[in-house]
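K.L.:
Just so we're aligned: the sequence shown equals residues 0 to 380 in numbering that gives the first Met the number 0. Positions of the beta carbon are idealized from the N, C-alpha and C atoms, including for glycine.
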Amino acid sequence: MITPMLRTPCTATLLVLSFLRLFAAQGADSLPKQPFGKTANGTEVFLYTLKNASGMEVKITNYGGTVESIRVKDRKGKFDDVVLGFSNLAGYTQKLNTAYFGALIGRYGNRIARGTFKLDNHTYHVPINDGPNSLHGGTNGFNKQIWDAKDVSAEGDPALELHYLSKDGEMGFPGNLDVTVRYALDAKNGLHLDYFAKTDKNTVLNLTNHSYFNLIGSGSATVLTHKVMLDADRFTPVDSTLIPTGKLESVSGTPFDFRKLTDIGARIGARSEQLKLGKGYDHNFVLNHPGDIDKVAARVEEPKSGRVLEVYTTQPGIQFYSGNFLEGTMRGIGGIYRHRSALCLETQHFPDSPNHPSFPTTVLHPGEEFHQTTIYRFSTK
Ligand code: GLA
0 MITPMLRTPC TATLLVLSFL RLFAAQGADS LPKQPFGKTA NGTEVFLYTL KNASGMEVKI
60 TNYGGTVESI RVKDRKGKFD DVVLGFSNLA GYTQKLNTAY FGALIGRYGN RIARGTFKLD
120 NHTYHVPIND GPNSLHGGTN GFNKQIWDAK DVSAEGDPAL ELHYLSKDGE MGFPGNLDVT
180 VRYALDAKNG LHLDYFAKTD KNTVLNLTNH SYFNLIGSGS ATVLTHKVML DADRFTPVDS
240 TLIPTGKLES VSGTPFDFRK LTDIGARIGA RSEQLKLGKG YDHNFVLNHP GDIDKVAARV
300 EEPKSGRVLE VYTTQPGIQF YSGNFLEGTM RGIGGIYRHR SALCLETQHF PDSPNHPSFP
360 TTVLHPGEEF HQTTIYRFST K
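1. With a Cβ-Cβ cutoff of 8 Å, do LEU206 and GLY366 count as a contact?
2. Taking C-beta to C-beta, are ASN142 and ALA102 nearer than 8 Å?
3. Going straight from the alpha carbon of HIS370 to that of LEU83, what length do you get?
4. Can you find a heavy atom of ligand 1 that lies under 7 Å from the Cβ of ASP351?
5. Quickly, what does DSSP pair PRO34 with across the bridge? List them, please.
6. Just checking: is the beta-carbon of THR42 within a distance shorter than 8 Å of some beta-carbon in chain B?
7. Does the beta-carbon of ALA186 have 16 or more other beta-carbons within 10 angstroms, so that it is buried, or is it exposed?
8. Taking the straight line between their C-alpha atoms, what separation do you get for LEU134 and ASN40?
9. With 16 as the cutoff for other CB atoms within 10 Å, does GLN382 come out buried or exposed?
10. According to DSSP, GLN318 sits in a beta bridge with which residue or residues?
11. For ALA341 and VAL151, I'd like the C-alpha separation in whole angstroms.
12. Assuming THR244 and PRO254 make a contact with CB atoms under 8 Å, what is their CB distance in whole Å?
13. Do GLY277 and LEU223 have their C-beta atoms within less than 8 Å of each other?
14. Taking the C-alpha atoms as reference points, what is the distance between ALA382 and HIS124?
15. What would DSSP say about THR360, mapped onto helix, strand or coil?
16. Per DSSP, what kind of secondary structure is PHE141 in: helix, strand or coil?
17. Look at the Cβ atom of SER304, then the Cβ atom of ARG74, and state whether they are nearer than 8 Å.
18. Give every residue of the same chain whose Cβ lies closer than 8 Å to the Cβ of ALA89, excluding the five residues on either side of it in the sequence, and list them in chain order.
19. Tell me whether the stretch 277 to 291 and the stretch 225 to 239 touch, counting them as touching only if at least three CB pairs, one residue from each stretch, are closer than 8 Å.
20. Quick one: grab the DSSP three-state call for ARG70.
21. Out of curiosity, what's the CA-to-CA distance linking LYS380 and CYS343?
22. Kindly list the residues whose CB is nearer than 8 Å to the CB of ASN87, restricted to its own chain and excluding five residues on each side of it in sequence; keep chain order.
23. Output the distance between the C-alpha atoms of LYS275 and LYS259, rounded to the nearest integer angstrom.
24. Within 10 angstroms of its Cβ, does ILE335 collect 16 or more other Cβ (buried), or is it exposed?
25. For LYS226, count neighbouring C-beta atoms within 10 Å of its own C-beta (all shown protein chains included) and say buried if the count is 16 or more, exposed if not.
26. When DSSP labels each residue in this structure, what does ALA52 get in the three-state scheme?
27. Apart from the five residues just before and just after ILE215, which ones in its own chain have a Cβ nearer than 7 Å to its Cβ?
28. Round the Cβ separation of SER219 and GLY331 to the nearest angstrom and send it over; I've been treating them as touching at under 8 Å.
29. Would you please state the rounded distance, in angstroms, between the beta carbons of GLN347 and GLY316? I believe it to be under 8 Å.
30. For the beta strand (DSSP E) that TYR123 lies in, which residues bound it at each end?
31. Can you find a heavy atom of ligand 1 that lies under 7 Å from the Cβ of GLN318?
32. Less than 8 Å separating the beta-carbons of ALA320 and ILE374?
Right under this line is the structure:
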């Protein structure tokens with residue numbers, strides 16, 4: 000018979016074990032974290048590493064919630080960094096950097112015409128920072144904020160949760176907006192981005208991530224030989240300041256038809272008013288299966304390395320941008336970032352939606368829970 004005296008240490012041991020298990024399941028401090036630099040006012044920011052069992056590695060800094068690097072295998076098993084980024088904070092904060100490399104974008108990703116929109120009969124003005132328009136949340140958007148970081152890894156699945164409170168009136172937008180973005184890496188080389196938000200006043204928002212991909216490896220020449228598929232029968236044509244005209248135009252018979260895998264370079268130089276206005280591809284595509292996270296929204300294949308990127312999203316649109324504004328003026332981890340040396344697939348609501356009642360709404364009301372998901376999944380062929 001077991002005496003109470005003997006039972007006591009056993010119970011204690013069990014308690015300790017279950018506590019340790021809980022601790023491990025929550026992954027407290029299991030993500031490697033290293034100093035990344037200090038902001039002008041002395042705040043230290045960090046770089047977190049998410050790594051899965053097959054060796055895929057994603058580094059994220061809480062400055063701007065930025066994906067700094069993504070290392071994945073090519074078809075021969077060689078790892079390369081497939082996104083553009085900098086090895087320290089100073090790279091991101093330098094004046095030359097207007098590219099939003101890897102950053103979380105908000106409060107409103109993409110453009111708002113003339114920085115003006117109406118909501119509940121009130122006209123709001125947000126900063127103008129792109130010709131006559133407001134771009135990516137204004138002069139001091141979410142990409143320049145320091146996010147609170149929390150390791151939320153679950154066994155085998157590294158995950159980082161970032162939190163930012165955008166105060167009522169910040170950059171001209173109404174309402175205190177409480178934003179959480181969770182980055183999680185799964186065992187099948189999928190990077191999951193979950194965006195959550197709540198507001199205490201009616202507001203507008205459009206959250207995305209601005210990673211620049213080059214599947215050969217960051218710093219390589221161009222992405223013109225990458226093949227792209229976009230699950231979109233229509234796109235939103237733009238005016239000379241890249242604001243949608245409001246039409247949803249068919250891609251059929253145009254250089255915007257990416258329904259079948261096509262080289263980016265195949266038609267980028269074609270005679271097309273829209274390509275001229277965008278200086279290449281810089282357009283929002285209307286996804287055929289909005290809200291369906293199981294459908295491939297975009298696919299990129301790079302023949303030399305064999306790397307494949309698939310994008311899944313709950314969002315209704317995707318901005319396909321062919322790195323037209325990269326000019327070879329910045330040197331990052333992979334080398335010099337030249338014209339068209341990367342592409343972006345920004346999952347999003349349509350640009351300037353607050354001024355287009357016919358577009359899917361970007362209004363969030365108090366009491367509603369905003370949640371969007373995007374997955375960037377890597378493989379080889
Ligand atoms: C988005 C825009 C582009 C450009 C980049 C950042 O993709 O649509 O026009 O501003 O961001 O350089």
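P.N.:
In terms of the structure at hand:
1. no
2. Yes, Cβ-Cβ distance for ASN142 and ALA102 is below 8 Å.
3. 27 Å
4. no
5. PHE45
6. Going by chain labels, chain B is absent from the structure shown, which holds only one protein chain.
7. exposed
8. 25 Å
9. In this structure the chain extends from 0 to 380, so residue 382 is not present and cannot be described.
10. ASN283 and GLU345
11. 30 Å
12. Not quite, the Cβ-Cβ distance comes to about 17 Å (not below 8 Å), so this is no contact.
13. no
14. Residue 382 lies beyond the stretch modelled for the chain, which goes from 0 to 380, so this question has no answer here.
15. coil
16. PHE141 falls in the helix class under three-state DSSP.
17. In terms of Cβ geometry, SER304 and ARG74 form a close pair [threshold 8 Å].
18. GLY36
19. yes
20. Here ARG70 sits in strand by DSSP.
21. 21 Å
22. PHE35 and GLY36
23. 23 Å
24. exposed
25. buried
26. coil
27. GLU301, LYS303 and SER304
28. Not really, about 12 Å apart at Cβ, beyond 8 Å.
29. 5 Å
30. 121 to 124
31. Yes, the beta carbon of GLN318 sits closer than 7 Å to at least one heavy atom of ligand 1.
32. Just to set this straight, residue 320 is Tyr in the shown sequence, not Ala. No, the Cβ-Cβ distance between TYR320 and ILE374 is not below 8 Å.
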